[in-house]
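Which chain is which? The protein sequence lines are L and H, in order.
Just so you know, full-length UniProt numbering puts 30 at position 30 of the first sequence, and the rest follows in order with no gaps.
Just so you know, full-length UniProt numbering puts 207 at position 207 of the second sequence, and the rest follows in order with no gaps.
Protein chains: 2
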Amino acid sequence: MQKHKVDQVGSLSVCSILNNPPAIDACRRYIETDLNRCFTDASLSVPLTDSSPCELRRAHELNSLLGPKGSEQAVDLLCDLHNTTSNMGICFIVDSLDWVSFHIAKYVQRKMPSSPVRLIHINVSPSEAYSVDSIAKHGFAIEVGPQPHGVLRADIYNMMKEAVDHSLEWLNKFNAGTTFEGEDVEAFVFEKSVDYPRDPETSDLMAAVHPKLQDNDFKLLQHGDPIFSLFTGETVNYEGEDLYPFFINECAYYEKRIAFHLARKKTITLPPISMKKD
Amino acid sequence: MQKHKVDQVGSLSVCSILNNPPAIDACRRYIETDLNRCFTDASLSVPLTDSSPCELRRAHELNSLLGPKGSEQAVDLLCDLHNTTSNMGICFIVDSLDWVSFHIAKYVQRKMPSSPVRLIHINVSPSEAYSVDSIAKHGFAIEVGPQPHGVLRADIYNMMKEAVDHSLEWLNKFNAGTTFEGEDVEAFVFEKSVDYPRDPETSDLMAAVHPKLQDNDFKLLQHGDPIFSLFTGETVNYEGEDLYPFFINECAYYEKRIAFHLARKKTITLPPISMKKD
């Protein structure tokens, strides 16, 4: 098991880990299978064999190091830092109804009024939650974009850094006994995914995301709006109820058959929250 | 030798070739060595051995198919289509003083008044020219960006398509006997490259491109302007004569130790041009 340096940030012990070093070296999302889909209860309980993908091994390793998922020994909070090619600004992606994560997102939103900070709620059960942050007691991902793969953009880097700094600030206040009052927060609740038009036989792309949809993450998509430009020159329009698109044209989602996700905007009422006194 | 389909576009026989299929499959610029640096006279005359990089083999193959470079059998014109993560708009990159390429660039510029179409002149001798288009009698690259690696953007795709269509149009007019009058064209003439600040021992990056420089390709960089944000928080300012930056923060150039190129803006007077009568 790798040893990791633990930094002290006020009352917090913070440990930074690179989740998938071989993929980082290869400048790819993953080598054999998407690491950030390997943290369901099912994946974490499957026995490892010689032919297990390296990412499944790494998921088991991270689960031993930071979990085990669902146990009392699991770390208190895990924040997974991600980049996307989509024009997402800063997003807090929270799987389940985790009030700590929701409060942090709201706090960061208030602290960064000039940046687009949004909360995405995936709404899956902890056992089905597939991302690395699901192995901690509390957890969320911070997704920042747009940034091309293999490129470091100072604006995006600075946004991510600021979001992390404010999250640590919230946690220090929480540890110091601050009560965070109940309040309403606006969340984008995941509804469904939409694939690119594909050739039914070869699965090859038959279209690109329409220029009017490209980069318009979180702008209401209405029935009849253009969503794809077919390579024949025709336009495909959206049919369905009005929803909010996000992860539009994300690089890693072509293979997952996702051109964009759709969400419903919902107001979630957060309860007041403070440190449990023992 | 691979066989390639030849399309007839008016008077032109057009053949489209994917230069580096294994790299395309791997979604990388190249597998072993940068193909688009393999077309100098020196590289094309080096004997192939078992340990030659696959790209050097491919360069020799393309040279047999489309060249040989500098010979009478070489194809008339080669146009190399490229994407970049830099905010370059549409660029015609011409190595040597090739009037045909310059005239085409000027024509496309005029035909696409609402798009940023620019001409970059690298100014190297044919024998030192390293890109695939240097093996034809005339040639240039069309570079379009910004587009992340592995992402298809309809706006960028459409710009590239329009630039290619107008180039074919020019060639058809040229073949039909049209005389293109002499005129002035504005070119960005390559001057030098600037690397990221790096740790002198490890060569690791110590900075990112400054947000005020990022995406500002072809905007005059003046003495004292910020160019890098050091990870310590400090800013590095530009020292030197006023020049025009391009290929700012291009993904494939980190390893080449290039944060951006600098060019001098120059007016080049094109001679009138028409088909030679035999």
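C-beta: ideal position from N, C-alpha, C; glycine also.
Since we're looking at a predicted model, the values are computed, not measured.
Expressed to the nearest angstrom, what Euclidean distance is found between the alpha-carbon atoms of residue i and residue j?
i	j	result
residue 59 of chain L	residue 95 of chain L	18 Å
residue 208 of chain H	residue 31 of chain H	26 Å
residue 268 of chain L	residue 122 of chain L	13 Å
residue 42 of chain L	residue 51 of chain L	17 Å
residue 241 of chain H	residue 156 of chain L	29 Å
residue 149 of chain L	residue 27 of chain L	7 Å
residue 22 of chain H	residue 138 of chain L	43 Å
residue 101 of chain H	residue 82 of chain H	16 Å
residue 6 of chain L	residue 177 of chain L	23 Å
residue 260 of chain H	residue 192 of chain H	9 Å
residue 1 of chain L	residue 44 of chain L	Interpretation of residue 1 of chain L is limited by its pLDDT of 43, a score under 50 that renders its predicted location unreliable; no figure is taken from the coordinates.
residue 73 of chain H	residue 247 of chain H	34 Å
residue 160 of chain H	residue 38 of chain L	39 Å
residue 135 of chain H	residue 76 of chain H	10 Å
residue 84 of chain L	residue 47 of chain L	32 Å
residue 228 of chain L	residue 190 of chain L	21 Å
residue 106 of chain H	residue 167 of chain H	10 Å
residue 181 of chain H	residue 70 of chain H	27 Å
residue 15 of chain H	residue 63 of chain H	15 Å
residue 185 of chain L	residue 103 of chain L	9 Å
residue 201 of chain L	residue 254 of chain L	17 Å
residue 163 of chain L	residue 36 of chain L	21 Å
residue 172 of chain L	residue 204 of chain L	50 Å
residue 153 of chain H	residue 8 of chain L	43 Å
residue 133 of chain H	residue 224 of chain H	37 Å
residue 252 of chain L	residue 151 of chain L	15 Å
residue 264 of chain H	residue 61 of chain H	35 Å
Using a Cβ cut-off of 8 Å, pull out every chain L residue sitting near residue i, in sequence order please.
i	result
residue 54 of chain H	By Cβ distance, chain L contributes nothing, its closest Cβ being about 17 Å from residue 54 of chain H, past 8 Å.
residue 194 of chain H	Within chain L, no residue comes near residue 194 of chain H; the closest Cβ sits about 16 Å away, beyond 8 Å.
residue 30 of chain H	Within chain L, no residue comes near residue 30 of chain H; the closest Cβ sits about 12 Å away, beyond 8 Å.
residue 214 of chain H	153, 154 and 155
Using beta carbons (cut-off 7 Å, strictly below), is residue i in contact with chain H?
i	result
residue 230 of chain L	no
residue 360 of chain L	Any question about residue 360 of chain L goes unanswered here, given that chain L covers just 1 to 278.
residue 300 of chain L	Shown here, chain L extends from 1 to 278; a query on residue 300 of chain L therefore has no answer.
residue 94 of chain L	no
residue 82 of chain L	no
residue 33 of chain L	no
Kindly indicate if chain L contains any beta-carbon less than 7 Å away from that of residue i.
i	result
residue 116 of chain H	no
residue 249 of chain H	yes
residue 163 of chain H	no
residue 1 of chain H	Any reading at residue 1 of chain H must be qualified, since the residue scores a pLDDT of 43, below 50, and its modelled position is unreliable; the value itself is stated next. Closer than 7 Å: no.
residue 105 of chain H	no
If residue i sits next to residue j, beta carbons under 8 Å apart, how far is it from one beta carbon to the other, in whole angstroms?
i	j	result
residue 87 of chain H	residue 145 of chain H	6 Å
residue 230 of chain L	residue 244 of chain L	That belief does not hold up - the Cβ atoms of residue 230 of chain L and residue 244 of chain L are roughly 24 Å apart, past 8 Å.
residue 116 of chain L	residue 90 of chain L	7 Å
residue 80 of chain H	residue 127 of chain H	Actually they are not in contact, since the Cβ atoms of residue 80 of chain H and residue 127 of chain H sit about 18 Å apart, beyond 8 Å.
residue 187 of chain H	residue 111 of chain H	The Cβ separation is near 18 Å, so there is no contact.
residue 195 of chain H	residue 258 of chain H	6 Å
residue 294 of chain L	residue 271 of chain L	In this structure chain L extends from 1 to 278, so residue 294 of chain L is not present and cannot be described.
residue 280 of chain H	residue 120 of chain H	Residue 280 of chain H lies beyond the stretch modelled for chain H, which goes from 1 to 278, so this question has no answer here.
residue 40 of chain L	residue 129 of chain L	7 Å
residue 275 of chain H	residue 175 of chain H	7 Å
residue 238 of chain L	residue 221 of chain L	6 Å
Under 7 Å, Cβ to Cβ, is there at least one residue of chain B near residue i?
i	result
residue 155 of chain H	The structure shown contains no chain B; its protein chains are L and H.
May I ask you to check if the CB of residue i is nearer than 6 Å to at least one heavy atom of the ligand NAD?
i	result
residue 121 of chain H	Ligands are entirely absent from the displayed structure, and the ligand NAD is therefore not among its contents.
For residue i, return the contacting residues in chain L, with the cut-off set at a CB-CB distance below 7 Å.
i	result
residue 148 of chain H	85, 148, 149 and 251
Show which residues of chain H have a CB atom less than 8 Å away from the CB atom of residue i.
i	result
residue 272 of chain L	Under the 8 Å cutoff, chain H gives no residues; its nearest Cβ is about 36 Å from residue 272 of chain L.
Just to make sure I have the definition right: I need the residues of chain H whose C-beta is within less than 7 Å of the C-beta of residue i. Which are they?
i	result
residue 210 of chain L	154
Length-filtered (4 minimum) alpha helix (DSSP H) runs lying within the segment 90-167 of chain L: 99-111
Beta strand (DSSP E) runs wholly inside the segment 197-245 of chain H, at least 3 long, in chain order: 207-209, 226-230 and 235-237
Alpha helix (DSSP H) runs contained entirely in the segment 15-80 of chain H, provided each spans 4 or more residues: 21-26, 41-45 and 54-66
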